[in-house]
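K.L.:
Encoded as structure tokens, here's the structure I'll be asking about.
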Amino acid sequence: MGSAIRLRSAVALLGRFPALAAVDLDVSMGESVLVEGPNGAGKTSLLRVCAGLLPLSAGAGVVLGADLSKRGRPHGVGFLGHAAGLYDDLSALENVEFRARLWGVPPSGAAAALERVGLEGPIRTVAVARLSAGQRRRVGLAALVAVRPRLWLLDEPHAGLDAEARSQLDSVLEEAAHDGAAVLLASHEVEHVGRIVSRSVHIERGRLAGTTVRETDNAA
Amino acid sequence: MLREAFVVAAKDLRIEARSHVGRTQVVPFALVVVVLFGLALDPDRGLLTRAAPGLLWVTVLLTALLATQRSLALESADRAVDQLRVSGIDPAAVFLGKAAALSVQLLVVVTALAVGVVVLYGAVLASPLLLIASALVATAGLALAGTLYGAVAAGLRVRETLVPLLVLPVVAPVLLGATRAWEAGVGLAVSDGWPWLRLLVAFMVVFAAAGVMAFGPLLEDA
Amino acid sequence: MLNAVGVLGLGGLVGTVALGLGTTPPDQVQGELVRMIYIHPPLAWTAYLAFAVTGLFSALYLWKRQPRSDQIAASSAEVGVVLCTLTLVTGSLWGRPTWGVWWTWDARLTTTALLLALFAGYLALRRVVVDPVARAKRSAVLALVAVADIPLVHFSVKLWRTLHQQPTLLRPDPQIAGIQAWTLLLGFASLTLIYVWLTGRRARLEALVHLDESRALELAVASR
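Residue numbers (our numbering), protein chains in the order written: chain Z, 1114 to 1333; chain L, 11 to 232; chain B, 731 to 954.
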């Protein structure tokens, strides 16, 4: 399987603070990987670097074929951060339709995407500002489902979700990996998430530990 | 790229339609300023009528600052800007789309103010074509400059105070051009208003080009 | 080498002032006030030079992304703000007795005032952005937009009104000659040299700060 993420000695700065200090990581297409570690360890920064949102200050990185060190922007990366990236005055349906249009994907799939994450009926046409945090997270997830990215980057996606929503999220992620996409998620919930990923890596003080790189490209 | 710009503009206008901020806050703000000018200057009809174009365009300028801040706040509120970047959309499309939506909102303000100025200051719409043409180009220029400077100050805590300081000196040519064109358009000036339209077009072109080129690098650290 | 430039500039300035106040004759029309001509136009020229340099190195930065370009652009802007302010002040001091007003809304004066505002905005932005790369990028864009804007401003104000003194040196037969012309030339040259010296020193300081920051960063990365 091809490589989705390949980082070597990656350094990323937040102002003057080295959020990532020489990180090596390989993630292949079809793999799902959990990044876990204490608060402030660099989970969010790692995801943002892979999304092309945080530039590399040193080291090498290739994400979906885009060379990060040459200011390349990876295309086809789905990102769900702590903030869902929604427009408060628009409804869930309108938000997902907009995201689809942004990606050049027909907006007609928006309704189905929302259903997939358990948002059905009139709640889809209410302004997103009136939804709970968990519901907003689900709208953000639906947007990803609608655009079918090749790489999924999620920052603590299970936080604030009830049991039903969590299992829907899990099935969405499993389906994505099964369809050949790569999934990288940061989470504190090691036991729960550990069941749905193929491996996990530990991050602390901006560095990774655990099985982070592949020596060869043999399928797992 | 134009398709993407249209998608962004449509989104902004849909938000505007949904939230009514333009209708309930921006236009009333502009009209209140017009009334305040009326209070501050002698209710001697002659002075107000003569100053009407200038007062109108100063009001538009101030309103544009508000509208620009609002336009940019939409993207930073829930980190929607991250999604714009990640989608792979051309940053120039984001720039043009947002500026286009902003222009439409400012045109609504100009229309409302034109009515206000006719009613309150006794202005006469002598040359409507000149008035409309210059209004279109001037608001486009303001929207482009505002969106660009908003991005320059994006993510800064002091953005609300910094953007006015940065933008107002720069849009001086628009104020000059639009005011002179409108003076001619309401029959107040002896000289021709049309040369000013050329200046306004030049301004619009310069800022469109600047924004298209600069928005990519600027979005990189939004 | 840079200090030699500075010494030369300062020496020239002293010479200009000496000649300007002492040796050169007063004007028929303006009397003693004409002595301002040895200082005010040179100030204006260097202010615009500083502005052009900021624009040039901003463009260079956006192209090659070298910190050095950003440092020079910023230093030039700092010196430029001072020069611009002095230009306006000397202009005012000259204008008041000559025309009876402290200020007039003609093309050159208004443009220079707006130039000062644009410079000030540039420096204000730099104070607020912490990350050096973001700061360099944003202020470079700001500077270039300002460079594009200034001709628009100038042209628009000119179309509107004009009153400033016609240029006396750049015409085929200059109206000032002899010792006056030489003093004026000395004024231009000295101020240009002083600008170069000040900007160079400031840029050098900025480069040292940058070096210091880079070292601190390496330490921070290694210690994580």
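Glycine included, each C-beta is placed from N, C-alpha and C at the ideal position. Small disclaimer: the values here were computed from a predicted structure and weren't measured.
(1) Quick one, are the C-beta atoms of Gln115(L) and Ala161(L) less than 7 Å apart?
(2) Helix, strand or coil for Pro1219(Z), going by three-state DSSP, please let me know.
(3) Quick check: is the beta carbon of Ala1134(Z) nearer than 7 Å to any beta carbon in chain B?
(4) Considering only residues of the same chain and omitting the five flanking positions on each side of Thr1157(Z), which have a CB-CB separation below 6 Å?
(5) Are the C-beta of Ala77(L) and some C-beta of chain Z separated by less than 7 Å?
(6) Using 8 Å for Cβ pairs, my map puts Leu233(L) next to Tyr159(L). What's the rounded Cβ distance?
(7) In chain Z, which residues lie with their C-beta within 7 Å of the C-beta of Ile99(L)?
(8) Can you find a C-beta in chain Z that's less than 7 Å from the C-beta of Arg28(L)?
(9) Below 8 Å on the Cβ atoms is my contact criterion, and I expect Ala19(L) with Leu1199(Z) to pass it. Report the Cβ-Cβ distance as a whole number of Å.
(10) Using DSSP with H/G/I as helix, E/B as strand and the rest coil, what is Leu1274(Z)?
(11) Which residue wins for smallest C-alpha separation from Leu209(L), given the options Ala164(L), Gly156(L), Ala143(L)?
(12) Could you give the C-beta distance for Ala1213(Z) and Ala1259(Z), rounded to a whole number, given that I count them as a contact under 8 Å?
(13) Considering Val1136(Z), what are the terminal residues of the beta strand (DSSP E) in which it resides?
(14) Report all residues from its chain with a CB closer than 7 Å to the CB of Ile25(L); omit the five preceding and five following residues, and keep chain order.
(15) What is the rounded straight-line gap between the Cα of Arg1318(Z) and the Cα of Ala1173(Z)?
(16) To be precise: take each residue of the region 1114-1126 of chain Z, compare its Cβ to all Cβ atoms of chain B, and keep it if any distance is under 8 Å. Which residues remain?
(17) Counting only Cβ pairs nearer than 8 Å, list the residues of chain L close to Glu1207(Z).
(18) At a Cβ cut of 7 Å, what residues of the region 1245-1258 of chain Z count as close to chain L, listed as they run along the chain?
(19) Tell me whether the region 800-809 of chain B and the region 818-836 of chain B touch, counting them as touching only if at least three CB pairs, one residue from each stretch, are closer than 8 Å.
(20) I believe Arg865(B) touches Val859(B) by the beta-carbon criterion, under 8 Å. Please report the beta-carbon distance rounded to the nearest angstrom.
(21) Identify the continuous beta strand (DSSP E) that holds His1315(Z) and give its terminal residues.
(22) My understanding is that Leu874(B) touches Leu749(B), with C-beta atoms under 8 Å, so please give their C-beta distance in whole angstroms.
(23) Name the chain L residues that come within less than 9 Å of Arg1263(Z), Cβ to Cβ?
(24) Bridge partners for Asp800(B) per DSSP, in chain order?
(25) Under the assumption that Asp92(L) contacts Gly1191(Z) (Cβ atoms under 8 Å), give the Cβ distance between them as a whole number of angstroms.
(26) Secondary structure at Leu1244(Z), three-state DSSP: helix, strand or coil?
(27) Determine the closest residue to Arg1293(Z) out of Leu1126(Z), Gly1143(Z), Leu1138(Z), Pro1131(Z), with distance taken between C-alpha atoms.
(28) Can you list, in chain order, the residues of its chain whose CB lies under 6 Å from that of Val228(L), leaving out five sequence neighbours each side?
(29) If you draw a straight line from the alpha carbon of Ile1118(Z) to that of Gly1253(Z), how long is it in whole angstroms?
(30) Using a C-beta to C-beta distance shorter than 7 Å, which residues of chain L count as neighbours of His1188(Z)?
(31) Candidates Arg80(L), Leu152(L), Arg95(L): which alpha carbon is nearest His1188(Z)'s?
(32) In chain B, which residues lie less than 8 Å from Pro1131(Z) when you measure between Cβ atoms?
(33) Would you check if the region 218-227 of chain L and the region 103-119 of chain L touch, i.e. whether three or more CB-CB distances between them fall below 8 Å?
(34) For the region 911-929 of chain B and the region 879-887 of chain B, state whether three or more C-beta atom pairs, one from each stretch, are separated by less than 8 Å.
P.N.:
Put simply:
(1) When the beta-carbon positions are compared, Gln115(L) and Ala161(L) stay at least 7 Å from each other.
(2) Here DSSP, grouped into helix, strand and coil, assigns Pro1219(Z) to coil.
(3) Closer than 7 Å: yes.
(4) Beyond the five residues adjoining it in sequence on each side, Thr1157(Z) comes within less than 6 Å, by CB distance, of Asp1268 in the same chain, given in chain order.
(5) Chain Z contact via Cβ: absent.
(6) With chain L covering 11 to 232 only, the question about residue 233(L) has no answer from this structure.
(7) Taking the beta carbon of Ile99(L) as reference, the chain Z residues within 7 Å of it are Leu1215, listed in sequence order.
(8) For Arg28(L), the answer is yes, since a Cβ of chain Z falls inside 7 Å of its Cβ.
(9) Rounded, the Cβ-Cβ distance is 18 Å, inconsistent with contact.
(10) The answer is coil: DSSP assigns Leu1274(Z) none of H, G, I, E or B.
(11) Nearest C-alpha to Leu209(L): Ala143(L).
(12) The Cβ separation is near 5 Å, so the contact holds.
(13) 1130-1141 is the span of the beta strand (DSSP E), which, as asked, contains Val1136(Z).
(14) If we look at Ile25(L) and ignore the five residues flanking it on each side, its Cβ neighbours are Leu84.
(15) Distance between the alpha carbons of Arg1318(Z) and Ala1173(Z): 19 Å.
(16) Per Cβ criterion, the list reads Val1124, Leu1126.
(17) Those are Arg24, listed as they occur along chain L.
(18) Cβ contacts with chain L come from no residue of the region 1245-1258 of chain Z.
(19) No contact exists between the region 800-809 of chain B and the region 818-836 of chain B.
(20) Yes, Arg865(B) and Val859(B) are in contact; Cβ-Cβ is about 4 Å, under 8 Å.
(21) Residues 1312-1317.
(22) In this structure, Leu874(B) and Leu749(B) do not form a Cβ contact; the two beta carbons are roughly 39 Å apart against a cut-off of 8 Å.
(23) Near Arg1263(Z) there are no residues of chain L at all, since even the closest Cβ is about 12 Å away, more than 9 Å.
(24) According to DSSP, which records beta bridges pairwise, Asp800(B) is partnered with nothing at all.
(25) That pair is no contact at about 11 Å.
(26) Taken through DSSP and simplified to helix, strand or coil, Leu1244(Z) comes out as coil.
(27) It is worth fixing the name first, because residue 1293(Z) is Gly in this sequence and not Arg. It is Gly1143(Z) whose Cα lies nearest to the Cα of Gly1293(Z).
(28) The sequence given here has Leu at residue 228(L), not Val. Answer for Leu228(L): Ala161, listed in chain order.
(29) Cα to Cα, the separation comes out at about 23 Å.
(30) Per Cβ cutoff of 7 Å: Gly98.
(31) When each option's Cα is compared against that of His1188(Z), the closest is Arg95(L).
(32) Neighbourhood of Pro1131(Z) in chain B, by CB distance below 8 Å: Leu947, Ala950, Val951, Arg954, in chain order.
(33) By the Cβ criterion, the region 103-119 of chain L is in contact with the region 218-227 of chain L, since at least three pairs of Cβ atoms, one from each stretch, lie closer than 8 Å.
(34) The region 911-929 of chain B makes no contact with the region 879-887 of chain B; the number of CB pairs closer than 8 Å stays below 3.
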